[in-house]
Amino acid sequence: MQALVSLLKRDLSLAYRQRAELMQPLLFFVLVISLFPLGVGPEPKTLQLIGPGVIWVAAILSSLLGLERLFRDDFSDGSLEQLILSGTSLSGASLVKVFAHWVTSIFPLIILSPLLALFLHLTEPMYWALLKTLLLGTPLLSLIGAIAVGLTVGLNKGGMLLALLLLPVFVPLLIFATSAVEAASMGLQYNAQLAIIGAMLLFSLALAPFAIAYALRVSQN
Amino acid sequence: MSVLSVNNLSVVKRDRLLFSKVKFNVVAGSLTYLRGVNGAGKTSMLRVLAGLVEPESGEVLFQGEKIQDCRNDYALSLVYFGHKLGVNQTLTAVENILFWCDLHQVIATTEQVYKILAQLSLVGLEDIPVANLSAGQQRRVALARFWFKKNAKLWILDEPFTALDVQGIALLNQQIKTFLEKGGAVVMTSHQSLQIEYPTTEVTLEYNI
Amino acid sequence: MYFDGFQSFLDMGGYGLYVWLSFGVSFLSLAWLWLDSFFSKKALFKNVHAEQARLARIKVASENSENNGVQV
Amino acid sequence: MWKWLHPYAKTERTYQLCQLLLPWFSVFGLFIIILATVWGLAFAPTDYQQSDAYRIIYVHVPTAVLSKSLYIAMAVAAFVGLVWQVKTSFMAMMAFAPVGATVTFVSLVTGAAWGKPMWGTWWEWDARLTSQLILLFLFLGVISLYKAFDDKQQAGKAAGVMAVVGIINLPIIHYSVEWWNTLHQGATIMKLDKPSMPPEMLWPLLLSILGWILVCGAISMLRLQNEILQRDLKRPWVVKLALNEHVWGDKK
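Chains as they are written, first to last, in the numbering used here: chain A, 10 to 230; chain B, 3 to 211; chain C, 1348 to 1419; chain D, -4 to 247.
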């Protein structure tokens, strides 16, 4: 247990030292979203219509950008080998690493979400729905993303392959999240969608760490 | 009872049979020197012994138990030193070592780390990011783990002498010798001839296409 | 003073929130920028001191190894 | 004649020059800003059309003006650095960049806050606000490019090229956004323009612009000193400086 705590501290201090690199997915997120009004026109009505979808697709793409960094350094300098050989539970360590990655690079997206709701003229209820779906959905992105990253960490051309592997898997999340926000725009209840995303999150929370641990062992040889 | 026993082990890498039906034992206090030309599969053998890689067939036993079954005990008594040093470039040497010790349930204080780093003649380089150190210096930082994990029974070293200067090699030889005399087992490969005055059992891997 | 009381000054003709928000953000950003530059200058000087301490440590270590032979 | 321009001495001489000017710029700058703000906020008459909301111009206009001029200053420093291989001007460029980015951010926030009473929403894709937003991205791009390199020498050149590319694109972005805005003119009712300026409103504005220029100049000089110290960390003059600095406690 002490090992996992020091792993978390190490990852957070590493993220702090590389915070310039950490800002990049964030800038990408805001940039992509502010391109849409320039393309589609500034009318609030149209922006509101495409808003939820735009924010969610941008969130998925920018989290893909950030995911690459999850095991890349540890694999290349050998820390991953020492972690596997250290007897600390690899699934526990994977969960800690995914949590540290989520807090440092995807949580800032959520902090920025009010600004983006402004950019796309989302109404108040729509924003709360968006916030809830982001809070429930982005950990899901990290957990499932980490499995694919664990598998492709060995190959140095993981970039596009990662997107190819993960985008299909994120489709259900995208559908339920955007429909929740649209329901909110019409004033309807959206607890059902939230419940489904929540279920997906709990399911992946239970299974993903073991899958990530297995992926990391597989990518060793 | 031998620390490590390997029964007809064969390993395939990238669909090439590196070696097959290899069998040898490592007893406490013994130095096993793995010989073989480049490509004979020395590194892969060590990675299989450490438990990083699954063999094609055969088994590796640690004190009579398959290493996959006793992962925790094996982890507590093994120190592995591979091609990749396992030292993070952004952290400082002290942080790296303290983190390694935490990971391997070894109690270490910063003063001890500074003292050991001084022995490894890394004075003045302890608190700067490892990226600024030379290859040889980074290797010395990685070697510090042998000074810390006191209760280890088995050391696996993969060409530890590369990029080390004469003084570094002497230091490491001394450390290996004292570990062997205290009943530890060492399995290692090295492209330089071994200068450790200690009875060595040799295991040779033939190169087959 | 254009405003008759402090209360109406705060109220800014009903736009108090926007005016004070703008001035607040402006001067907070300036203050942050100044403090950030100021403390990174301090940090740079601290770096120099750490560097000097390192050099001292190296000198001490090399002196020790000279007077008691090469430390194996 | 150019002896003092000898690259090695220049960095130290620039540092001393900044050290000399810094107190004057910051003290006068702060004094003028406070004077102008109090004058503009409390004493200037109200505007018949926008009532007291217009007072935001005493912060919005200086920052808007400064954001563009800081970008130009940065680009000029980059150009000088690239063409005449002057190392210090890359440092000056990197001193201007964060100040410019912050000032652009402030102009965005104040512009949005000023627009709220008129448009009813905090953010409106008005031509000027949009180009300010793109300007902010240009600044952040140059800064993150600089930070991505370990070797500061290389970083300066790369960020310099991006700053020059940015300055060339600035007018193009400005006019295309204007055109884009008129294309969708329906969306914005009233453009964000300055109310007619009787003298007693104009003076505080000019004063606050001067104040902002002085303070931003002071901060840029301080950051230029930091860049110089960062570059010459191991040089004896910096070591001497750091040791005295410690002994007397901090002068500044």
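By construction, the Cβ of each residue, glycine as well, lies at the ideal position given by its N, Cα and C atoms.
Contacts that Asn221 of chain D makes with chain C (C-beta to C-beta distance below 7 Å): As a first step, residue 221 of chain D is located in the fourth sequence; it is residue number 226 there, counting from the start. Those within 7 Å of Asn221 of chain D in chain C are Ser1384, Ser1387, Lys1388, Leu1391.
Within 10 angstroms of its Cβ, does Thr177 of chain D collect 16 or more other Cβ (buried), or is it exposed? As a working note, residue 177 of chain D is residue 182 in the fourth sequence. When all chains shown are included, Thr177 of chain D counts as exposed.
Around the Cβ of Leu211 of chain A, are there at least 16 other Cβ atoms within 10 angstroms (buried) or fewer (exposed)? Translated into the one-based positions of the first sequence, residue 211 of chain A becomes position 202. Of the residues assessed, Leu211 of chain A falls on the exposed side of the cut-off, its CB having fewer than 16 other CB atoms within 10 angstroms.
Alpha-carbon to alpha-carbon, Gly136 of chain D and Thr58 of chain D: Here residue 58 of chain D refers to the residue found at position 63 of the fourth sequence. Here residue 136 of chain D refers to the residue found at position 141 of the fourth sequence. Going by the C-alpha atoms only, they are around 20 Å apart.
So what's Thr34 of chain B in DSSP terms, helix, strand or just coil? Looking up residue 34 of chain B in the second sequence gives position 32. In the three-state reduction of the DSSP assignment, Thr34 of chain B falls in the strand class.
Spatially closest choice to Ser100 of chain A from A:Gln229, A:Asn230, A:Leu225, by CA coordinates: Indexing the first sequence from 1 puts residue 100 of chain A at position 91. Nearest of A:Gln229, A:Asn230, A:Leu225 to Ser100 of chain A, Cα basis: A:Leu225.
Please report the distance separating the alpha-carbon of Gly1 of chain B from that of Leu33 of chain B. Coverage of chain B is limited to positions 3 through 211, which leaves residue 1 of chain B absent and any answer about it impossible.
Mapping DSSP to helix, strand and coil, what is Ile130 of chain B? To locate residue 130 of chain B, count along the second sequence from 1; it is residue 128. Looking at Ile130 of chain B - three-state DSSP - the assignment turns out to be coil, as it is neither helix nor strand.
Residue range of the unbroken alpha helix (DSSP H) whose run includes Phe1392 of chain C: As a working note, residue 1392 of chain C is residue 45 in the third sequence. Taken as a continuous stretch (DSSP letters only), the alpha helix (DSSP H) holding Phe1392 of chain C covers 1363 to 1414.
What's the call for Gln220 of chain D, buried or exposed, on a 16-neighbour Cβ count within 10 Å? Position 225 of the fourth sequence, counted from the first residue, corresponds to residue 220 of chain D. By the Cβ neighbour-count rule, Gln220 of chain D is buried, with 16 or more other Cβ atoms within 10 Å of its own.
Taking just the CA atoms, how far does Ile69 of chain B sit from Gly53 of chain B? For the purposes of this step, residue 53 of chain B is taken as residue 51 along the second sequence, with counting starting at 1. For the purposes of this step, residue 69 of chain B is taken as residue 67 along the second sequence, with counting starting at 1. C-alpha separation (whole angstroms): 7 Å.
Are Ala189 of chain A and Leu170 of chain A closer than 8 Å when you measure CB to CB? Numbered from 1 along the first sequence, position 180 holds the residue referred to as residue 189 of chain A. Numbered from 1 along the first sequence, position 161 holds the residue referred to as residue 170 of chain A. Judged by beta-carbon spacing, Leu170 of chain A lies beyond the 8 Å limit of Ala189 of chain A, meaning their Cβ atoms are not closer than that value.
Looking at C-alpha atoms only, which residue of A:Leu76, A:Ala12, A:Pro53, A:Tyr136 is the closest neighbour of Gln33 of chain A? Within the first sequence, numbered from 1, the residue matching residue 33 of chain A stands at position 24. When A:Leu76, A:Ala12, A:Pro53, A:Tyr136 are compared, the shortest CA-CA separation from Gln33 of chain A is found for A:Leu76.
Partner residues on chain C for Val115 of chain B, Cβ-Cβ distance less than 7 Å: Within the second sequence, the letter at position 113 stands for residue 115 of chain B. By Cβ distance, chain C contributes nothing, its closest Cβ being about 14 Å from Val115 of chain B, past 7 Å.
Run through the DSSP bridge pairs and tell me what Tyr82 of chain B is partnered with. Start at 1 with the first residue of the second sequence, and residue 82 of chain B comes out as number 80. Answer by DSSP bridge pairing, in chain order: B:Ile158.
Which chain C residues sit within Cβ distance under 9 Å of Ser46 of chain D? Walking along the fourth sequence from the start, residue 46 of chain D turns up at place 51. Listed along the chain, the chain C residues whose CB falls inside 9 Å of the CB of Ser46 of chain D are Met1359, Gly1360, Gly1361, Tyr1362.
Report the three-state DSSP secondary structure of Lys152 of chain D (helix, strand or coil). The residue you call residue 152 of chain D lines up with position 157 of the fourth sequence. Residue state, collapsed to three classes: helix.
Which residue comes first and which comes last in the beta strand (DSSP E) that contains Ser7 of chain B? Locating residue 7 of chain B in the second sequence gives position 5, where the first residue counts as 1. Here the beta strand (DSSP E) through Ser7 of chain B covers 6 to 15.
Based on the DSSP secondary-structure assignment, which residues constitute the bridge partners of Ser59 of chain B? Counted from its first residue, the second sequence places residue 59 of chain B at position 57. DSSP lists B:Ser12 as the bridge partner or partners of Ser59 of chain B.
The alpha helix (DSSP H) with Ser215 of chain D in it runs from where to where? Position 220 of the fourth sequence, counting from 1, holds the residue named residue 215 of chain D. Where Ser215 of chain D is concerned, the enclosing alpha helix (DSSP H) starts and stops at 194 to 226.
Identify the continuous beta strand (DSSP E) that holds Phe212 of chain A and give its terminal residues. Start at 1 with the first residue of the first sequence, and residue 212 of chain A comes out as number 203. Careful: Phe212 of chain A lies outside any beta strand (DSSP E), inside the alpha helix (DSSP H) at 200 to 227.
Minimum Cβ-Cβ distance from Gly53 of chain B to chain C less than 8 Å: In the second sequence, the residue the question calls residue 53 of chain B occupies position 51. Closer than 8 Å to the CB of Gly53 of chain B there is not a single CB belonging to chain C.
Since Leu19 of chain B sits in a beta bridge, which residues does DSSP pair it with? Residue mapping note: residue 19 of chain B aligns to position 17 of the second sequence, counting from 1. B:Val14, per the DSSP bridge assignment.
Chain-ordered neighbours of Ala1408 of chain C on chain B, where CB pairs are closer than 9 Å: Taking the first residue of the third sequence as position 1, residue 1408 of chain C is located at position 61. Against chain B, the beta carbon of Ala1408 of chain C has neighbours under 9 Å at Ala120, Ser123, Val125, Gly126, listed in chain order.
Whose CA, out of D:Val71, D:Trp117, D:Val210, lies closest to the CA of Asp124 of chain A? Taking the first residue of the first sequence as 1, we reach residue 124 of chain A at position 115. Checking the sequence shown, residue 124 of chain A turns out to be Leu, not Asp. Checking every option, the nearest Cα to that of Leu124 of chain A belongs to D:Trp117.
Going along the chain, which residues of the segment 124 to 147 of chain A sit with their C-beta nearer than 7 Å to a C-beta in chain D? Cβ contacts with chain D: Leu127, Phe128, His130.
Given a threshold of 16 other Cβ atoms within 10 Å of its Cβ, counted over all protein chains shown, does Tyr43 of chain D qualify as buried or as exposed? Looking up residue 43 of chain D in the fourth sequence gives position 48. Burial check for Tyr43 of chain D: the Cβ neighbour count within 10 Å stays below 16, so the residue is exposed.
With distances taken Cα to Cα, identify the nearest neighbour of Tyr170 of chain D among D:Gly35, D:Thr125, D:Phe38, D:Gln148. Here the question's residue 170 of chain D lines up with position 175 in the fourth sequence. Taking only the C-alpha atoms, the option nearest Tyr170 of chain D is D:Thr125.
Determine whether the Cβ of Ser1412 of chain C lies closer than 8 Å to any Cβ atom of chain D. Along the third sequence, one-based indexing puts residue 1412 of chain C at 65. Residue-level contact by beta carbon fails for Ser1412 of chain C and chain D, as no gap is shorter than 8 Å.
Just verifying my parser: in three-state terms, what is the DSSP assignment at Asp1351 of chain C? For the purposes of this step, residue 1351 of chain C is identified with residue 4 of the third sequence, where counting begins at 1. Here Asp1351 of chain C carries a coil assignment [DSSP, helix/strand/coil].
Is it buried or exposed for Arg19 of chain A, if we count other Cβ within 10 angstroms and need 16 for buried? Indexing the first sequence from 1 puts residue 19 of chain A at position 10. Counting the other Cβ atoms within 10 Å of the Cβ of Arg19 of chain A gives 16 or more, which makes it buried.
Between A:Ser72, A:Arg81, A:Gln11, A:Leu131, which has its C-alpha nearest Leu56 of chain A's C-alpha? Here residue 56 of chain A refers to the residue found at position 47 when the first sequence is read from its first residue. Of A:Ser72, A:Arg81, A:Gln11, A:Leu131, the smallest CA-CA separation from Leu56 of chain A is found for A:Leu131.
Quick one: Cα of Gln1418 of chain C to Cα of Arg49 of chain B, how far? The residue you call residue 1418 of chain C lines up with position 71 of the third sequence. The residue you call residue 49 of chain B lines up with position 47 of the second sequence. Low confidence applies to Gln1418 of chain C: its pLDDT is 47, below 50, so where it sits in the model is not reliable, and the reading given next is rough at best. Going by the C-alpha atoms only, they are around 34 Å apart.
Beta strand (DSSP E) segment containing Thr206 of chain B, residue limits: Translated into the one-based positions of the second sequence, residue 206 of chain B becomes position 204. Unbroken beta strand (DSSP E) run through Thr206 of chain B: 202 to 206.
Is it buried or exposed, His55 of chain D, if we count other Cβ atoms within 10 angstroms and call 16 or more buried? Translated into the one-based positions of the fourth sequence, residue 55 of chain D becomes position 60. The residue is buried, with at least 16 neighbouring Cβ atoms inside 10 Å.
Since Leu1402 of chain C meets chain B, which of its residues come closer than 8 Å, beta carbon to beta carbon? Residue numbering aside, residue 1402 of chain C sits at position 55 when the third sequence is read from its first letter. At a C-beta separation below 8 Å, Leu1402 of chain C has these neighbours in chain B: Gly126.
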